[in-house]
Amino acid sequence: MRVVTTAQPLDVQPTPLALLLLGREADPKSERGVECPGDLPAPSDPDLVERARAAKAKLGDKVFVLGHHYQRDEVIEFADVTGDSFKLARDAAARPDAEYIVFCGVHFMAESADILTGDDQQVILPDLAAGCSMADMATAEQVAECWDVLTEAGVAEQVVPVSYMNSSADIKAFTGKHGGTICTSSNAKRALDWAFEQGEKVLFLPDQHLGRNTAVRDMGLSLDDCVVYNPHKPNGGLTTEELRAAKMILWRGHCSVHGRFSLESVNDVRARIPGVNVLVHPECKHEVVAAADHVGSTEYIIKALEAAPRGSKWAIGTELNLVRRLANRFAAEDKEIVFLDKTVCFCSTMNRIDLPHLVWALESLAAGKVVNRIQVDRETESFAKLALERMLALP
1458 MRVVTTAQPL DVQPTPLALL LLGREADPKS ERGVECPGDL PAPSDPDLVE RARAAKAKLG
1518 DKVFVLGHHY QRDEVIEFAD VTGDSFKLAR DAAARPDAEY IVFCGVHFMA ESADILTGDD
1578 QQVILPDLAA GCSMADMATA EQVAECWDVL TEAGVAEQVV PVSYMNSSAD IKAFTGKHGG
1638 TICTSSNAKR ALDWAFEQGE KVLFLPDQHL GRNTAVRDMG LSLDDCVVYN PHKPNGGLTT
1698 EELRAAKMIL WRGHCSVHGR FSLESVNDVR ARIPGVNVLV HPECKHEVVA AADHVGSTEY
1758 IIKALEAAPR GSKWAIGTEL NLVRRLANRF AAEDKEIVFL DKTVCFCSTM NRIDLPHLVW
1818 ALESLAAGKV VNRIQVDRET ESFAKLALER MLALP
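Position one of the sequence shown corresponds to residue 1458 (this note's numbering), numbered consecutively onward.
Structural data, given as structure tokens:
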């Protein structure tokens, strides 16, 4: 017997988190923002490229455009410099005469640029909704609660926080206030070496994979030396004994792009392309890193492919915009470069910065209107800068 029911309209209201994901609400403590005010040019506007060129030319030396490696080609075309997040923040600091820093990246990157640039410079993010899911996985309130857990376990005095560059200004400030340092994917080992000289344990925020891979692969620690603190469970899901025994307390966070790559992806590409070199970012899972031929930061990946012999074959485990750009760049040298995963996967938040948003931001600045300024408050900036300066002082 089949029962037929009459469908009733559901009174479903979007949750605050859903609205944030859609870029339709604001949370000042989150990487996610809101839709841009004002009217964006239509994506189909055939004059977008010329409009961007004209606005940039009108601004002249007053504007300095930064383009992260994971940005779309249409945006990279207008970048004065390209690089990873920290390189771009330092490039901005090295241009004190630029009144406007337009950061084509995501929110935490623009925050870092604001921290490192002068008070008379203004950092602009073309789309406030360009956040970072990894950075959002550790909020200031959650990390403060974690520190309380460590204190109650009697280990806080032994713990040195090390926070990945891919974190909010609030988390960087927490790190600076508690005697820790920032790291990038290229200097994580140096940062951890320094941290273990200061204390017996490390609280690594917010990417568990970079912390685990650096500790185990580069420093000789074991997987048993690492525990994962889950901010959504009481006491992080850990016992006092586990916290006291651990050397690496890893925050339960990850990159939504690099976390997609799997051991199956590695095995599959080796079967499809005999002789392929597998090169992955250290934000990938530990089993993927262990199975790869080469592991390194975004800058490392680019340099490795530049130095690769003609005719070599490479499967790259990092963001697709960059992989595709590198494949096109080195095609003339007969270097075969493919994306490690069969599934197309761009960084969705990086891709929020598109040509219409960039045109809107540049034209607004050219008309004397500052839009989407990213500004870190003084207290947060001072402690975050302290953590960044500790990183810069690393041997």
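Beta carbons are placed, not taken as given, at the ideal position from N, Cα and C, and that holds for glycine.
In the DSSP assignment, find the unbroken alpha helix (DSSP H) run with residue i in it and report its ends.
i: GLU1598; result: 1597-1609
i: GLU1763; result: 1755-1764
i: VAL1745; result: 1743-1748
i: LYS1629; result: 1626-1634
i: LEU1843; result: 1835-1849
i: ILE1639; result: First-last for ILE1639: 1638-1640, but that is the beta strand (DSSP E), not the alpha helix (DSSP H).
i: HIS1666; result: 1665-1670
When you compare each of the options to residue i by their alpha carbons, which one comes out closest?
i: SER1719; options: ARG1847, VAL1745, SER1713; result: VAL1745
i: LEU1545; options: VAL1559, GLU1534, VAL1532; result: VAL1559
i: LEU1779; options: ASN1829, ALA1823, VAL1714; result: VAL1714
i: GLY1887; options: PHE1653, LYS1646, HIS1564, CYS1802; result: Since the first residue of the chain shown is 1458 and the last is 1852, residue 1887 is not available in this structure.
i: GLU1534; options: PRO1553, ALA1509, ALA1550, ALA1549; result: ALA1509
i: MET1676; options: LYS1704, HIS1689, GLU1699; result: LYS1704
i: VAL1520; options: PRO1500, THR1539, ASP1541, TYR1557; result: TYR1557
i: ASN1724; options: LYS1799, ARG1847, ASP1791; result: LYS1799
i: GLU1531; options: ARG1830, VAL1816, SER1821; result: VAL1816
i: ASP1518; options: SER1501, GLY1540, ARG1552, ARG1547; result: ARG1552
i: ASP1750; options: GLU1776, TRP1771, LYS1742, PRO1766; result: TRP1771
i: PHE1787; options: MET1807, SER1769, THR1608; result: SER1769
i: ALA1555; options: SER1839, ALA1630, ASP1576; result: ASP1576
Counting along the chain, where does the beta strand (DSSP E) carrying residue i start and finish?
i: PRO1618; result: 1616-1621
i: GLN1579; result: 1579-1581
i: THR1539; result: 1538-1540
i: ALA1587; result: Per DSSP, ALA1587 belongs to no beta strand (DSSP E) and is neither H nor E.
i: LYS1770; result: 1770-1774
i: ASN1734; result: 1734-1737
Is the beta carbon of residue j closer than 8 Å to that of residue i?
i: VAL1737; j: VAL1726; result: no
i: VAL1619; j: GLY1636; result: no
i: THR1755; j: HIS1526; result: yes
i: ALA1592; j: CYS1561; result: no
i: ARG1529; j: ALA1610; result: no
i: PRO1739; j: ASN1644; result: no
i: HIS1844; j: ASN1829; result: Note that residue 1844 corresponds to Ala in the displayed sequence, not to His. No, the Cβ-Cβ distance between ALA1844 and ASN1829 is not below 8 Å.
Just the Cα atoms here: how many angstroms apart are residue i and residue j?
i: ALA1841; j: PHE1661; result: 16 Å
i: VAL1673; j: LEU1649; result: 12 Å
i: GLY1716; j: ASN1623; result: 15 Å
i: LEU1505; j: GLN1579; result: 24 Å
i: GLN1832; j: TYR1686; result: 30 Å
i: LYS1515; j: TRP1604; result: 50 Å
i: LEU1478; j: LEU1497; result: Low per-residue confidence applies at LEU1478: pLDDT is 47, beneath 50, and the placement is therefore not dependable enough to give any value.
i: ARG1729; j: LEU1797; result: 11 Å
i: MET1848; j: ARG1767; result: 37 Å
i: ASP1571; j: ALA1499; result: 30 Å
Original post:
How about the region 1702-1709 and the region 1655-1672: do they share at least three Cβ pairs that are nearer than 8 Å?
Top reply: yes
Original post:
At a cut of 8 Å, does the region 1670-1683 reach the region 1597-1612 through at least three beta carbon pairs?
Top reply: no
Subject >> Three CB pairs or more closer than 8 Å across the region 1811-1818 and the region 1571-1585 >> reply: yes
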